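To start, the structure itself, in C-alpha cells.
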Amino acid sequence: MSSHRILQINELIRHELSGLILAEVEFPKDCLVTIMDVQASKDLRHAKIWLSIIPGTYTGQVLSRLDRNIGHLQFLLNQKLSIKPLPRISFVIDDTEAEAAGIEVLLDKIKEK
1 MSSHRILQIN
11 ELIRHELSGL
21 ILAEVEFPKD
31 CLVTIMDVQA
41 SKDLRHAKIW
51 LSIIPGTYTG
61 QVLSRLDRNI
71 GHLQFLLNQK
81 LSIKPLPRIS
91 FVIDDTEAEA
101 AGIEVLLDKI
111 KEK
C-alpha cells in the first residue's frame, strides 16, 4: 500500500476515533486526552494511537478506561469506516512533551553552571 494512502487512513482514523472517544469514554473533568498521532502498519492490520494525557498523573487511569472500552471503540470505528481491512487499534502514550521538558531542565542546569 502506498505511503500516501496510509497517511490518509491514519488521518481518517484519528479524526473518527477522536469523536468516538469524546462521546463514549468518560474522563476526569480536569483531564485532557489528545490523539497526537496514528500509525497504521503497511498491511493495515494494526494501528498505534499515540495519546497525550494532561496532567500526566491521570495516565494510568485514562489508559485503563480506554483499554476497557477498546472493543466497543473498535466496533464503532468499524461501523463508521469502510476500510478493509480496518486496523486493530492499540493505545500508546506519547511522552515526547515530557522528554522535551526534561531536556529543557537539563539545558537550564547547564546554563547555570
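Quick note: the sequence shown uses full-length UniProt numbering, first residue 1, plus one each step.
Backbone N, C-alpha and C define an ideal beta-carbon position, used for all residues, glycine too.
Predicted model, so just to flag it, every value in this text is computed and none were measured.
Return the first residue and the last residue of the beta strand (DSSP E) that residue i is part of.
i: F27; result: No beta strand (DSSP E) contains F27, which DSSP labels as neither H nor E.
i: R68; result: Counting along the chain, R68 falls outside any beta strand (DSSP E), though it belongs to the alpha helix (DSSP H) covering T59 to K80.
i: R45; result: Per DSSP, R45 belongs to no beta strand (DSSP E) and is neither H nor E.
i: I83; result: Premise fails: I83 is in no beta strand (DSSP E) and is neither H nor E.
For residue i versus residue j, is the C-beta spacing smaller than 9 Å?
i: L20; j: L77; result: yes
i: R65; j: V25; result: yes
Going by beta carbon distance, what residues of the same chain come within less than 6 Å of residue i, once the five residues before and after it are set aside?
i: C31; result: Y58
i: S52; result: T34, M36 and D94
For residue i, collect the residues of the same chain with a Cβ closer than 8 Å to its Cβ; drop the 5 residues on either side in sequence, then sort them by chain order.
i: S90; result: H46, A47, K48, I49 and I70
Of all the options the options, which has the alpha carbon lying nearest to the alpha carbon of residue i?
i: I13; options: I54, Q79, T96 and L106; result: Q79
i: E16; options: F75, I54 and G60; result: F75
i: H4; options: A40, L22, P28 and S18; result: A40
Please confirm whether residue i has its beta-carbon closer than 9 Å to some beta-carbon of chain C.
i: I54; result: Here there is only one protein chain, and chain C is not present.
- Query: Taking one C-beta from the region 4-23 and one from the region 72-92 each time, how about it: are there three or more such pairs within less than 8 Å?
  - Reply: yes
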